[in-house]
Amino acid sequence: MIKIFKKNRFLFIIGLLGFILIFTNLGNRYITGDEALTTTISKNIIDYGYPAARYDESGPLIIAKSGAYTEINGKDYYTWNSWLEYYLPVIPLKLFGLNEFALRLFFAVFGFLSIFLFYLLSKKITHNIRIVQISTLLLTLSVPFILHVRQIRWYSLVIFGSIWLLWSYLTFLDKRKAGSLHLILSTVFLFYSNFFILVAVVFCLAIHFFFLKHYKTNWKRLILPTIISFCLTFPWIVFTGQISSKGEYVGFSFTKFILNLVIINYYIFIFIFPLFLGLLFFFFKKKSLLKEFRNKNYLLILIFIIGYVFFLSLKMDGLPGIRYLLILIPPLSLVSGFIIYKIKEKNKFIAYALIILLIGTNFLHLFPFFFLKGFTNNINSDLITDYEKEHFIDNSLKVRYFFFDYLYEISHDYDSSDELIINYLQKYGSPEDTFIASDFPQPILLYTNMKMVDFNSSKVDWIVVRGFKVREDKTQRFIDDLKQNIDLSRYKTIIIDSLEERWAEAPDPANHRFETNKNGKIIIYHLKE
Numbered sequence: 031m032i033k034i035f036k037k038n039r040f041l042f043i044i045g046l047l048g049f050i051l052i053f054t055n056l057g058n059r060y061i062t063g064d065e066a067l068t069t070t071i072s073k074n075i076i077d078y079g080y081p082a083a084r085y086d087e088s089g090p091l092i093i094a095k096s097g098a099y100t101e102i103n104g105k106d107y108y109t110w111n112s113w114l115e116y117y118l119p120v121i122p123l124k125l126f127g128l129n130e131f132a133l134r135l136f137f138a139v140f141g142f143l144s145i146f147l148f149y150l151l152s153k154k155i156t157h158n159i160r161i162v163q164i165s166t167l168l169l170t171l172s173v174p175f176i177l178h179v180r181q182i183r184w185y186s187l188v189i190f191g192s193i194w195l196l197w198s199y200l201t202f203l204d205k206r207k208a209g210s211l212h213l214i215l216s217t218v219f220l221f222y223s224n225f226f227i228l229v230a231v232v233f234c235l236a237i238h239f240f241f242l243k244h245y246k247t248n249w250k251r252l253i254l255p256t257i258i259s260f261c262l263t264f265p266w267i268v269f270t271g272q273i274s275s276k277g278e279y280v281g282f283s284f285t286k287f288i289l290n291l292v293i294i295n296y297y298i299f300i301f302i303f304p305l306f307l308g309l310l311f312f313f314f315k316k317k318s319l320l321k322e323f324r325n326k327n328y329l330l331i332l333i334f335i336i337g338y339v340f341f342l343s344l345k346m347d348g349l350p351g352i353r354y355l356l357i358l359i360p361p362l363s364l365v366s367g368f369i370i371y372k373i374k375e376k377n378k379f380i381a382y383a384l385i386i387l388l389i390g391t392n393f394l395h396l397f398p399f400f401f402l403k404g405f406t407n408n409i410n411s412d413l414i415t416d417y418e419k420e421h422f423i424d425n426s427l428k429v430r431y432f433f434f435d436y437l438y439e440i441s442h443d444y445d446s447s448d449e450l451i452i453n454y455l456q457k458y459g460s461p462e463d464t465f466i467a468s469d470f471p472q473p474i475l476l477y478t479n480m481k482m483v484d485f486n487s488s489k490v491d492w493i494v495v496r497g498f499k500v501r502e503d504k505t506q507r508f509i510d511d512l513k514q515n516i517d518l519s520r521y522k523t524i525i526i527d528s529l530e531e532r533w534a535e536a537p538d539p540a541n542h543r544f545e546t547n548k549n550g551k552i553i554i555y556h557l558k559e
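The opening position of the sequence shown corresponds to residue 31 in the numbering used here, with each subsequent residue numbered one higher.
Below you can see the structure in the form of structure tokens.
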């Protein structure tokens, strides 16, 4: 046992670190935001036998947006994403009910396993154990990585699936016996985690396959895995109507392409890979990364990063948030590990200082971008709202100590605005009551079992008004409708002190709240007896 520990000492230590960081206090936060959406659909699977797109089979749509649902045999199926993330919580939901720890557990496990799978992938790519260790350490202690894999969402699944597919691809090229099987399994797994991301990853692998002429010796071997993977995925595409999406996911608009490209690089350099690190590498080595990455497996990483950024820039439906860049955290951790190791050959002190700075603060990420703070003040208000400027630009350009903030989060209790609202409704309301909410009704539905109605209802027991700093336009429309349709003199007014920012519960580190903040107000109206 001692010999095994000594031989694999790094893996034991990194595994212990990862376990503590990912699983500690996992069930402390209430299920809110997108997690509540996933859980709602999982609950629908239990109640109706399929991922229903409505709150109940005849109720309002969960997301009333084109492409979010497909009518099949008279039933509305939720088809915005692949279905693995909705089926994973079904067993814990059925066994333990609305238990936050149990519902997040499977997703956290995939995040935890991603660390070890990344270690294996890194060894296959670099063969330099020091680079592998530095890279794995950076991934394990990455706060964006940790925050996302603790969510009841597809985030940990695509991180695990993309690493698995890259490893399977290299194993296949090495002509290992299990290569084809892993290629099939990882492809199918990633497809049912997020089909858009699978297409993007396959696009990158295809570039590598043809650019390095692997097709000359491997194309016949690839036929069977391709056919089997196709047979295991294409029926779902046909069944859910994705085949007729008519380019809603990917297309080309020059303006949209440039906007996506700017946003993608913004997120990469601000949260994942500091541009300053690349500049330091050039200063110490007097070489570009492209010249240094002449090894074919290193080229796979570069092609993967560049190809994925290009493909994601073609995304037409919505903006590419940081969640779509999660699969770049592992390969960019490897690039960071490579750079730090090369700098370490010249100066150990600087290399160790870089590791500490990368883990402990975002200073290196922000260093080249401080000038943007002044620039955002002059942005045309038609292009970006004050809320977006504050929460998606200004918040990102603050020097933060995310890792220490996160340590505070997992060692303290956290009260979200949803938790405070739900606790009040559970204490003074009943499941037979009805409610209207200006935003985020899913958590209230999940925890209270109250019925959600609209302003046309003959009786509304509870009205929850939130969002003064969430979505001002939507909240104002809600208040206008409220005043027009409801006689508020019949209601008692309750004020709850709580921060109500839209993204406070999101895993985006710029807006994620690591500690309870009650500097805000939420209004609840309760119908008088």
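C-beta: ideal position from N, C-alpha, C; glycine also.
Fair warning: this is a prediction, and the values are worked out from it, not measured in the lab.
Cβ neighbour criterion (16 or more within 10 Å) applied to residue i
| i | result |
| --- | --- |
| TYR60 | buried |
| ILE102 | exposed |
| CYS234 | buried |
| GLY277 | Note that GLY277 scores 44 on pLDDT, short of 50, meaning its location in the model is unreliable; the coordinates nonetheless yield the value given after this. Exposed, since its Cβ has fewer than 16 Cβ neighbours within 10 Å. |
| GLU559 | exposed |
| PHE269 | exposed |
| SER259 | buried |
| THR156 | buried |
| VAL429 | exposed |
| THR68 | buried |
| PHE148 | buried |
| ARG520 | exposed |
| PHE282 | exposed |
Segment limits, beta strand (DSSP E) that includes residue i
| i | result |
| --- | --- |
| TYR555 | 551 to 557 |
| THR270 | THR270 -> not in any beta strand (DSSP E); alpha helix (DSSP H) instead, spanning 245 to 270. |
Spatial distance of residue i from residue j (CA atoms)
| i | j | result |
| --- | --- | --- |
| PHE190 | GLY48 | 14 Å |
| PHE142 | ILE359 | 14 Å |
| ILE525 | HIS556 | 11 Å |
| ASP347 | LEU291 | 14 Å |
| PHE334 | LYS522 | 57 Å |
| ARG543 | TYR454 | 21 Å |
| THR54 | VAL179 | 13 Å |
| LEU307 | LYS124 | 47 Å |
| SER426 | SER488 | 45 Å |
| LEU310 | VAL162 | 20 Å |
| LYS345 | PHE240 | 24 Å |
| ILE237 | TYR431 | 38 Å |
| LYS374 | PHE368 | 10 Å |
| ASN547 | LEU529 | 6 Å |
| SER186 | ILE50 | 17 Å |
| ILE71 | ARG496 | 24 Å |
| SER370 | PRO361 | Contrary to the premise, residue 370 reads as Ile rather than Ser in this sequence. In a straight line, the C-alpha of ILE370 is about 14 Å away from that of PRO361. |
| LEU56 | VAL232 | 33 Å |
| LEU394 | TRP197 | 30 Å |
| GLY337 | MET480 | 47 Å |
| THR166 | PHE340 | 26 Å |
| GLU545 | VAL173 | 15 Å |
| TYR85 | ILE294 | 33 Å |
Collapsed DSSP secondary structure at residue i in the structure displayed
| i | result |
| --- | --- |
| TYR382 | helix |
| THR523 | strand |
| VAL429 | coil |
| LYS548 | coil |
| LYS489 | coil |
| ASN410 | Its pLDDT being 46, under 50, ASN410 is placed unreliably by the model, and nothing is read from it. |
| VAL500 | Confidence in VAL500 is poor, its pLDDT being 48 and thus under 50, which makes the residue's placement unreliable; the coordinate value appears in the next sentence. Note: VAL500 maps to coil in three-state DSSP. |
Terminal residues of the alpha helix (DSSP H) in which residue i lies
| i | result |
| --- | --- |
| TRP197 | 185 to 203 |
| ILE164 | 159 to 170 |
| ILE493 | That residue, ILE493, is in no alpha helix (DSSP H); its beta strand (DSSP E) goes 492 to 495. |
| PHE221 | 209 to 223 |
| ARG134 | 130 to 156 |
| THR285 | 284 to 297 |
| PRO361 | 359 to 376 |
| PHE53 | 39 to 53 |
| PRO174 | 173 to 179 |
| PHE393 | 393 to 396 |
Residue-chain proximity (residue i, chain B), Cβ-Cβ < 8 Å
| i | result |
| --- | --- |
| VAL173 | Reference to chain B is not applicable here, since this structure consists of a single protein chain. |
Quiz item: Which runs of the beta strand (DSSP E) fall wholly inside the segment 64 to 127 and span at least 3 residues, in chain order?
Solution: You should have 99 to 102, 105 to 108.
Quiz prompt | beta strand (DSSP E) runs contained entirely in the segment 453 to 483, provided each spans 3 or more residues | solution = Counting only runs of 3 or more, we get 464 to 467.
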